[in-house]
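Going by the numbering used here, the first residue of the sequence shown is number 6, and it counts up by one from there. Where is the CB? At the ideal position from N, CA and C, for every residue including glycine. Read through the structure below, which is laid out as structure tokens, and then see the notes.
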Amino acid sequence: MPKKGKKTRNDGQKTAASQPQKTTPSLGDQLKDKLKTVNKGGLLGMLNEVQKTTPDQWQNPDNVKNMAKKFAEQLKIPVNEDRLNQFMKAYKDATKGGKPNANVEDLVKKYGNGKIDDATVKEMKKFIKPKE
6 MPKKGKKTRN DGQKTAASQP QKTTPSLGDQ LKDKLKTVNK GGLLGMLNEV
56 QKTTPDQWQN PDNVKNMAKK FAEQLKIPVN EDRLNQFMKA YKDATKGGKP
106 NANVEDLVKK YGNGKIDDAT VKEMKKFIKP KE
């Protein structure tokens, strides 16, 4: 028998407060999780290739697109052509004048299509500094 003043639920349902909330991991967290499963030697090879890329190669959008596509394939991350083209538009915009000069918020608003969460934007800001 239930105690006086307490409500019981016999229908087997949990209250909303007792159900754990499922949150979708940020895109940055998803990428970090994916990188944990990658062959470390392959990842170091990619980083070595990035390090050896000359400034002239970085200024060639086709070269950057091919490199991004190759790395995505090596990491086994499916990237469709539309998404790659969107990345290239953002890359060209971020490197106008031949040097990196980007405002993360502006790029996210312009190219993110509402799909980039605040945690990922915060993570991006650690690596992308606008030109003073």
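Distance between M93 and L80, taken at the CA atoms: about 19 Å. Burial of T125 is indicated by the presence of at least 16 other C-beta atoms within 10 angstroms of its C-beta. Just measuring C-alpha positions, the residue of A73, I133, N118 sitting nearest N108 is I133. Within the same chain, and ignoring the five residues on either side of Q62 in sequence, the residues whose Cβ sits closer than 7 Å to its Cβ are N68. The alpha-carbon separation between Q64 and E86 amounts to approximately 20 Å.
Ranked by Cα distance from L52, the options T42, M72, K37 are led by M72. Taking C-beta separations shorter than 6 Å and ignoring five residues to either side along the sequence, K115 has no partners in its chain. Out of T28, K41, A77, P60, the CA that lies nearest to the CA of G102 is found in P60. Inter-residue distance for G119 and L48 is about 29 Å (C-alpha atoms, whole angstroms). Setting aside the 5 residues that flank it on each side, K97 is surrounded in the same chain by P66, each with a C-beta closer than 8 Å to its C-beta; the list follows chain order. For D123, the uninterrupted alpha helix (DSSP H) segment begins and ends at 123–132.
For D38, the CB contacts under 8 Å within the same chain, skipping 5 residues up- and downstream, are P30 in chain order.
Listed in chain order, the non-local C-beta contacts of F76 below 7 Å within the same chain comprise M51, local neighbours out to five positions each way being set aside.
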